[in-house]
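Reviewing the structure listed below.
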Amino acid sequence: MGATVMFLLLATIAPFLFLQTKKMAFAVAQSILLIGMWLYFFQVTMYTDPGLFSITGAMFYLGLIGAHVAWVMFMVATVKSSPGYKKSLTKDQLS
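In full-length UniProt numbering, the protein residues as written are 1 to 95.
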């Protein structure tokens, strides 16, 4: 249960990461998926059966995938904008 909450919290930050990387459509889609993720989480924790192929179940797993994409895009953008990375690029290009 703790891992699920951790991933939910990381997914909750994901729309802001999409905004940071200037991907507005992804931020809106992830925000909509977050609603389904939290609904699914509360359905499961309250021991109500959300159904095998429910909409909230699909939103939960799609939201997790979207959150992973957001974090990877954010990390790539952060590394690309770092001065050390830019310095190593110019060294390699001069050699």
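For glycine and all other residues, C-beta sits at the position ideal for the given N, C-alpha and C.
Just the C-alpha distance for residue i and residue j, rounded to the nearest angstrom, thanks.
i	j	result
Y40	G66	16 angstroms
V79	A29	25 angstroms
V69	L89	25 angstroms
F16	Q43	26 angstroms
M6	I13	11 angstroms
T45	G63	18 angstroms
Can you find the residues in the same chain that come closer than 6 angstroms, C-beta to C-beta, to residue i, ignoring five residues on each side of it along the sequence?
i	result
residue 98	The structure shown does not extend to residue 98, since the chain is modelled only from 1 to 95, so the question has no answer here.
F26	F18
Could you pull out every residue in the same chain whose Cβ sits closer than 8 angstroms to the Cβ of residue i, ignoring the five residues on either side in sequence?
i	result
L10	A67 and W71
A58	G36
Given residue i, which residues of its chain have a CB within under 7 angstroms of its CB, disregarding the five upstream and five downstream residues?
i	result
S31	P15
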